[in-house]
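First up is the structure itself, then whatever we jot down about it.
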Amino acid sequence: MAEKKEILSGNEAIARGAYESGVTVATAYPGTPSTEILENIVQYNEIYAEWAPNEKVAFEVACGSSLAGARTLVAMKQVGLNVAADPLFTMSYVGVNGGLVIINADDPDMHSSQNEQDNRYYAKAAKIPMLEPSDSQESKDFVGLALDISEEFDTPVLLRVTTRISHSSTAVSLKERKSYSIKKYKQNVAKHVMIPAHAKKRHVFIEERTKKLQAYSEKTPINVIEEGKGDTGIITSGIAYQYVKEVFPDAPVLKLAMTCPMPVKLIEKFSNMVKNIYVVEELEPYMETEIKALGIKVTGKEKLPITGELNSSIVAKSFGIDGFKSDVTLKEDIKIPARPPVLCPGCPHRGFFYNVSRMKLNVFGDIGCYTLGMLPPLNGLHTCICMGSGIGVAHGMNKALGREGTKKSLAVIGDSTFIHSGITGLINIVYNKGTSTVVILDNSITAMTGRQDHPATGKTLKGETTKKIDLFSLCKSIGVDDIVSVDAFDVKAIRNALKNALDKEEPSVVIVKGLCTLIDRGKKSFYKVSPEKCVKCWLCLRVGCPAISKGENSSCIDALLCRDCGVCASVCPKEAIQRET
Ligand SMILES: Cc1ncc(C[n+]2csc(CCOP(=O)(O)OP(=O)(O)O)c2C)c(N)n1
């Protein structure tokens, strides 16, 4: 039978890898660039797949499934692993029953992240093996390999991809699913209950395991010397391998795909074959530092940038390769106008931010589409650190400056983020007698990452109906007495709710409710400006809707873009904006 091949993105290939290699349970919390892994896994009926409320819970579910004996996959973006780091470090001690692969997607260049951390260090710090694919074929194959290594060495395995691997597509040969029966679960307190007495023994086990993994790393065919011409050799891994092959097609290359533990002897062998060595890797000098520690002289970050993504032109320029011309058109080669992100037309977050800018409030924010409320003309968000942080920041300001000093301050958070890591912050406010106001922008979806469901939407990853967490009752149950729910498109009601909440000497919550504009809200009509009524005060432009623009004699609304939300009409002092009936 002819081999079956498909063009798959790295994320699609990882999903396929999970299918082929007998994964039974897959779990994740969405986060670019890893989100599509679970969205693709869900098509395979053989795999049970779910969204967890956050990465820590996802990881713990994966721990349970692995200990039960099932092959298991858990996926997250790079900052997600910070959230899951607590179980990660101890699961390294516990080990596995069924194979456990952790897919970690780093985001060099921060296409959609708040920092550029290099998570390869997590593998080293947690003392678990790490694989780094350089295309979609390897992304698929390495899922199975990671599960094999996991079971052979009794360890979770980190499969580290980056945005360019996750979102680029290459040809992949497909195989049938291999079936793995679920291993038997046996109680084993010494291995599964990490009290210090047990953990001390397991730490010794881990050190032994690392030595065995080290020996494996020396022999595995995925760490390979590709012989070539000349006396300059290159050590590389992941996507950087592709750039190296483009810039130095004939050079000897040591391609590393298992980068924790590093294959020391293989590196020494390679260093004896060439005179000069370049290390080409994105972000931190992870491999470079390890290689230099072996006493081998290499050139890396002295030449290559430590920030952002690499590409073949950057690699060529860094090493002084004259006249290199990439086959790939790079974004810096095409002069396209910048298109900064904006809140969509009809976004339910707009009415809140319009009020914030009019009321001149300090807003301690969070991560989601609403982070875009910081942009002009709204300028309505003033801190953003990590998911859930806005609530803690508001409380910290409240305790530092007192009630008087924070009377015009509040925290804002989205519904998915509130479930992810906002609830505990709110409990803290109640417990420690804070007086902060928390605004939950409830658009009934995780919009930022592409509209995933979560525990307050009433739908599972598989699209099945499930119990829906009621945010109002939840806030009440943790001791917030002052809660109101307002319509996201009622600008006046939002203003009144904010004023009332900020006047209170107790914790308060305002839930601003309105479906995301990308969910079908049943657009029925659109708004139109009457030029004869428009006095050109341009107040409607201050709502920052992409559908409204400044015309010569009046503002104008693009009927195609208008999502029938009416926020512009409600800010117009002359009733010049009317709904088309
Ligand atoms: C720890 C962590 N996990 C995942 C993400 C990716 N991410 C960014 S915002 C967000 C949630 C946004 O949903 P919501 O809070 O409902 O706001 P919306 O975008 O719908 O306005 C996610 C999952 C992240 N930045 N950090």
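Each number in the working numbering corresponds to the 1-based position in the sequence shown with 1 added. Cβ atoms here follow ideal geometry from the backbone N, Cα and C, with glycine treated the same way.
Could you tell me whether the Cβ atoms of residue i and residue j are closer together than 7 Å?
i	j	result
TYR186	ALA69	yes
GLY231	ALA216	no
ILE307	ILE268	no
PRO346	ARG564	yes
LYS179	GLY23	yes
VAL364	HIS383	yes
ASP110	GLU310	yes
PHE325	VAL248	yes
THR436	GLU506	yes
LEU373	LEU411	no
CYS517	ILE446	yes
LEU39	ALA53	no
VAL102	GLN138	no
GLU282	ALA241	yes
ASN356	ARG496	yes
HIS204	VAL95	no
VAL492	SER571	yes
GLY234	VAL190	no
Quick one: what does DSSP say residue i is sitting in, helix, strand or coil?
i	result
CYS557	strand
ARG611	This structure gives no information on residue 611, because the portion of the chain shown stretches from 2 to 582.
ILE226	strand
ARG161	strand
TYR20	helix
MET388	coil
SER218	helix
SER486	strand
SER140	helix
ILE428	helix
TYR528	strand
ILE240	coil
SER180	coil
ASP334	helix
LEU540	helix
LYS270	helix
LEU146	helix
LYS202	helix
LEU382	coil
ILE235	strand
VAL26	strand
VAL254	strand
THR466	strand
Shortest alpha-carbon distance to residue i belongs to which of the options?
i	options	result
LYS125	CYS261, ARG203, ASN277	CYS261
ARG161	GLY65, PHE154, LYS469, ALA106	ALA106
ILE48	THR36, GLY18, THR33, PRO34	GLY18
GLU542	CYS573, LYS525, SER509	Note on identity: in this sequence residue 542 is Leu, with Glu being the wrong assignment. If we check each option's Cα against that of LEU542, CYS573 comes out closest.
CYS546	VAL568, VAL536, LYS529, SER531	VAL568
SER182	ARG72, SER93, ALA412, ILE428	ARG72
SER113	THR33, ALA191, ALA198, ASN55	THR33
ASP482	LEU462, SER509, SER445	SER509
LEU499	GLY234, LYS409, THR418, ASN83	LYS409
SER417	ASP454, SER151, THR425	ASP454
LEU561	LYS529, GLU285, ALA127	LYS529
SER358	LEU540, GLU51, GLN115	LEU540
LEU305	GLN188, ALA294, GLU289	GLU289
ALA258	GLU333, VAL194, GLY403, LEU159	LEU159
ASN41	PRO134, ILE15, LYS57	ILE15
Hey, could you find the ends of the alpha helix (DSSP H) residue i is sitting in?
i	result
CYS517	CYS517 -> no alpha helix (DSSP H), and no H or E assigned at all.
TYR123	121 to 127
MET259	From DSSP, MET259 is part of no alpha helix (DSSP H) but of the beta strand (DSSP E) over 259 to 261.
VAL194	Where VAL194 is concerned, there is no enclosing alpha helix (DSSP H), given that its DSSP letter is neither H nor E.
ASP504	492 to 504
MET86	Reading the sequence as shown, one finds Ala at residue 86 and not Met. Run containing ALA86: 86 to 95, per the alpha helix (DSSP H) assignment.
ALA570	568 to 572
Provide the residue span of the beta strand (DSSP E) that contains residue i, from first to last.
i	result
SER550	549 to 551
VAL481	That residue, VAL481, is in no beta strand (DSSP E); it is neither H nor E in DSSP.
LYS318	Per DSSP, LYS318 belongs to no beta strand (DSSP E); it is in the alpha helix (DSSP H), 313 to 319.
GLU7	6 to 10
THR438	438 to 443
GLY415	410 to 415
SER35	Neither: SER35 is in no beta strand (DSSP E) and is coded neither H nor E.
THR308	Looking at the DSSP string, THR308 is not in any beta strand (DSSP E), and its letter there is neither H nor E.
SER135	It is not in any beta strand (DSSP E) - SER135 carries neither H nor E in the DSSP assignment.
LYS174	A quick correction: the sequence has Ser, not Lys, at residue 174. 170 to 174 is the extent of the beta strand (DSSP E) around SER174.
VAL329	Where VAL329 is concerned, there is no enclosing beta strand (DSSP E), given that its DSSP letter is neither H nor E.
- prompt: In chain order, which continuous runs of the beta strand (DSSP E) of length 3 or greater are located wholly inside the stretch 272 to 306?
  reply: Inside the stretch 272 to 306, DSSP marks whole beta strand (DSSP E) runs of 3 or more residues at positions 277 to 281, from first to last along the chain.
task: Please go through the stretch 342 to 375 and give each complete alpha helix (DSSP H) segment of 4 or more residues, from N-terminal end onward.
output: The stretch 342 to 375 is shown to contain whole alpha helix (DSSP H) runs of 4 or more residues at 351 to 360, in chain order.
message: Restricting to runs no shorter than 3 residues, where is the beta strand (DSSP E) found entirely within the stretch 40 to 82?
response: Taking only runs of at least 3 residues, the beta strand (DSSP E) segments lying wholly in the stretch 40 to 82 are 49 to 52, 73 to 78.
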